[in-house]
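Below: one structure, written as structure tokens.
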Amino acid sequence: MAESKSAYPILDESDQNGEEFIHRTCGMTILGKRVTHPIWYKGMTAAGGGEVQIEIVPFCPKCEPAPNPHGDPIYI
Ligand SMILES: [Zn+2]
Numbered sequence: 020m021a022e023s024k025s026a027y028p029i030l031d032e033s034d035q036n037g038e039e040f041i042h043r044t045c046g047m048t049i050l051g052k053r054v055t056h057p058i059w060y061k062g063m064t065a066a067g068g069g070e071v072q073i074e075i076v077p078f079c080p081k082c083e084p085a086p087n088p089h090g091d092p093i094y095i
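When you read off a place in the sequence shown, starting at 1, and then add 19, the result is the number in my numbering.
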């Protein structure tokens, strides 16, 4: 697998402008969407302590659908 420069490929397709990222192909400002990942304990089916991990996922509002705010569970 090719090594990615960042965890978010959209940022590799964007130019940084101060605090903002501008999507090179369409000129839109990249937005950040809050995605909540429930934390589940391994070995316990669908059991978690109600803990969540918040991730801010960058996306282009013109080229991509907004990320699902309910992210995949994280197993610990
Ligand atoms: Zn775009």
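Built from N, CA and C at the ideal position, the CB exists for glycine as well.
- Within the same chain, and ignoring the five residues on either side of Y27 in sequence, the residues whose Cβ sits closer than 8 Å to its Cβ are V76, P77.
- In chain order, the residues with a C-beta atom nearer than 6 Å to some heavy atom of ligand 1 are H42, T44, C45, M47, C79, K81, C82.
- Closest by C-alpha distance to I73, out of P88, F40, S33, L30, is P88.
- Annotation for D91: no alpha helix (DSSP H) segment contains it, and DSSP assigns it neither H nor E.
- Cα atoms of Q35 and I93: separation of roughly 30 Å, rounded to the nearest angstrom.
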